[in-house]
Structures are given as structure tokens and as C-alpha cells.
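Comments concern the structure below.
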Amino acid sequence: MIIVKDVKKFFDNGLTVALNGVSLQISKGEVAAISGPSGCGKSTLLNIIGTLEVPTSGEVFIEGENISKYYSQYNFRAKTIGFVFQFHYLIPTMTLIENVELPMYSLSIPKNLRREKAKHILDCMGLSDRANFFPTKVSGGERQRAAIARAIANDPKIILADEPTGNLDIDNGEMVMNYLLNLCKKESITLLITTHNPSVASMAVRIIYMKNGKVEK
Numbered sequence: 613m614i615i616v617k618d619v620k621k622f623f624d625n626g627l628t629v630a631l632n633g634v635s636l637q638i639s640k641g642e643v644a645a646i647s648g649p650s651g652c653g654k655s656t657l658l659n660i661i662g663t664l665e666v667p668t669s670g671e672v673f674i675e676g677e678n679i680s681k682y683y684s685q686y687n688f689r690a691k692t693i694g695f696v697f698q699f700h701y702l703i704p705t706m707t708l709i710e711n712v713e714l715p716m717y718s719l720s721i722p723k724n725l726r727r728e729k730a731k732h733i734l735d736c737m738g739l740s741d742r743a744n745f746f747p748t749k750v751s752g753g754e755r756q757r758a759a760i761a762r763a764i765a766n767d768p769k770i771i772l773a774d775e776p777t778g779n780l781d782i783d784n785g786e787m788v789m790n791y792l793l794n795l796c797k798k799e800s801i802t803l804l805i806t807t808h809n810p811s812v813a814s815m816a817v818r819i820i821y822m823k824n825g826k827v828e829k
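The sequence shown: position 98 = 710 (this note's numbering), numbered continuously.
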């Protein structure tokens, strides 16, 4: 479960208000979409929940643990959260399968099991024939699918996805969303996505609308 309590986030010494008293609750296994115009605070909220940023004030609880003061807590994030960024951030000097294996190193998974699992995930994402390609040698959509594969490699309890289908065409976008939805349903994984796409948002159980750093009632 994710609980966000009156979270505020200011930048530029308080001159820029990214979040202005956001409170919400996401149940375990729930699929929720955060929707709203650019600059409304969607990505900032996702970053705070994912411990990539700390709030100026307010609290965030994940599975009962207050993570509000965490910053770049790699071990916590690696074991609990799978993060899909708006831009893929794959390591260009590693193949797609090596990128997918990366999160598994933190859990000391043996090499043969890492490779087997990474192959399976890439196959599910329609990338089995691209496993040994470098990111610069595949399309933008394929890179984004590989980034999603990397995010789910550690069987996270929570997946945070910032515009997960933003770089995909309609068919690939539907395939990725259906895979994520089926995975989350099967494993009771909480999925929280941000999206500008109404059709993607409509696939969520709940849509949370944001405007000017606030959740709209």
C-alpha cells in the first residue's frame, strides 16, 4: 500500500511549486493512473514515491514504512520498486539482456538464473531477437520495452511508470500495457503510471487527475 500525506515539493528556493499538499492512497495490487497537463506535478510525485526525490514537507508510506526522508536508497528501491522512466536510460555499452539483468545483481541471483529470467522477460516483451543488440542498434520503441523489462526483473511489489507507452506505437503500447496489467493482476503488484494518453489511462482501475500541483477532487 502507498499512502501520501500532504506532500509538498518546492524548487528554486520556494519560487516554483511542483506539489502543493498532495494526499492519496493506493491499495496493494491496485492499478492507478495519474493524469493531467504537463507541469502539473505527475513526474515529481512519482519520483518522491520512488525515493528519487524527497518532499519539502509531508510524508510517504510504503507498506507501512515512512520513506519520506529516503533519497537515492538503492537497496530499498531495488527490492521494492520497479521504475520505468519517461526516457529509457539504458546503458549504451551493454546489450539489452545485460541491461535487464542489472537489477538482479543487487539480490545476488546466480548468473545462469539471471540470464534465464532476462531471456524470459524479453521474450514476453517481444524482444527475444533483440536480446544481444546494444540500445543504439534498436528502435526507440524497443528501447522503451527493454526499459520496462528491466523494471520488472526483480519482481517488485510496486511498479512506477512515467509515460510507459510514450515512445511506442499503438500496437506496441497495447502489448506493453496488457503485459503489465496481467503481471500486476497475477502477482498482486501495485502499478502507478503517469500518462497523457486517455486510452492508456482508461486501462487503469482508477484515474487520479492532477492540476497545478494538486489532486483534483
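Heads up, the beta-carbon is just placed ideally off N, CA and C, and yes, glycines get one too.
For clarity, every value in this text was computed on a predicted model and none was experimentally measured.
- Closest in C-alpha terms to Leu780, from the list Gly626, Ala759, Cys796, comes Ala759.
- Annotated three-state conformation of Thr748 is helix, per DSSP.
- Under the Cβ criterion (8 Å, minimum of three pairs), the stretch 761-769 counts as touching the stretch 687-696.
- Here Lys723 is exposed: its Cβ has fewer than 16 other Cβ atoms, across all protein chains shown, within 10 Å.
- In this structure Leu725 does not touch Leu708 by the C-beta definition: roughly 18 Å separates them, more than the 8 Å allowed.
- For Arg818, the enclosing beta strand (DSSP E) begins and ends at 818-823.
- Residues Thr663 of the same chain have their beta carbon placed closer than 6 Å to that of Arg689, with the five preceding and five following residues left out of the count.
- One Cα belongs to Glu713, the other to Asn678, and the distance between them is close to 29 Å.
- With a threshold of 16 other beta carbon atoms within 10 Å, Thr628 falls short and is exposed.
- When Pro776, Glu799, Leu772, Asp783 are compared, the shortest CA-CA separation from Gly738 is found for Asp783.
- When rounded, the separation of the alpha-carbon atoms in Ser800 and Ala730 is 21 Å.
- A direct Cα-to-Cα measurement between Met822 and Thr807 gives close to 11 Å.
- Remark: fewer than three beta-carbon pairs, one from each stretch, lie closer than 8 Å, so the stretch 789-797 and the stretch 619-627 are not flagged as touching.
- Under the DSSP assignment, Leu793 falls in the alpha helix (DSSP H) whose first and last residues are 782-799.
- If you compare the alpha carbons of Tyr791, Glu786, Asp618, Ala630 with that of His732, the shortest gap goes to Tyr791.
- Non-local beta-carbon contacts of Ile615 in its own chain, meaning distances under 6 Å to residues more than five positions away in sequence, involve Gln637, Phe673 in chain order.
- In terms of Cα proximity to Arg755, the closest of Gly778, Ile819, Glu642 is Gly778.
- Distances from the CA of Met787 to each of Asn824, Cys736, Lys826, Ser635 were compared; the closest alpha carbon is that of Cys736.
- Shown here for Ile703: same chain residues with a beta carbon closer than 7 Å to its own, the five before and five after excluded, namely Asn711 in chain order.
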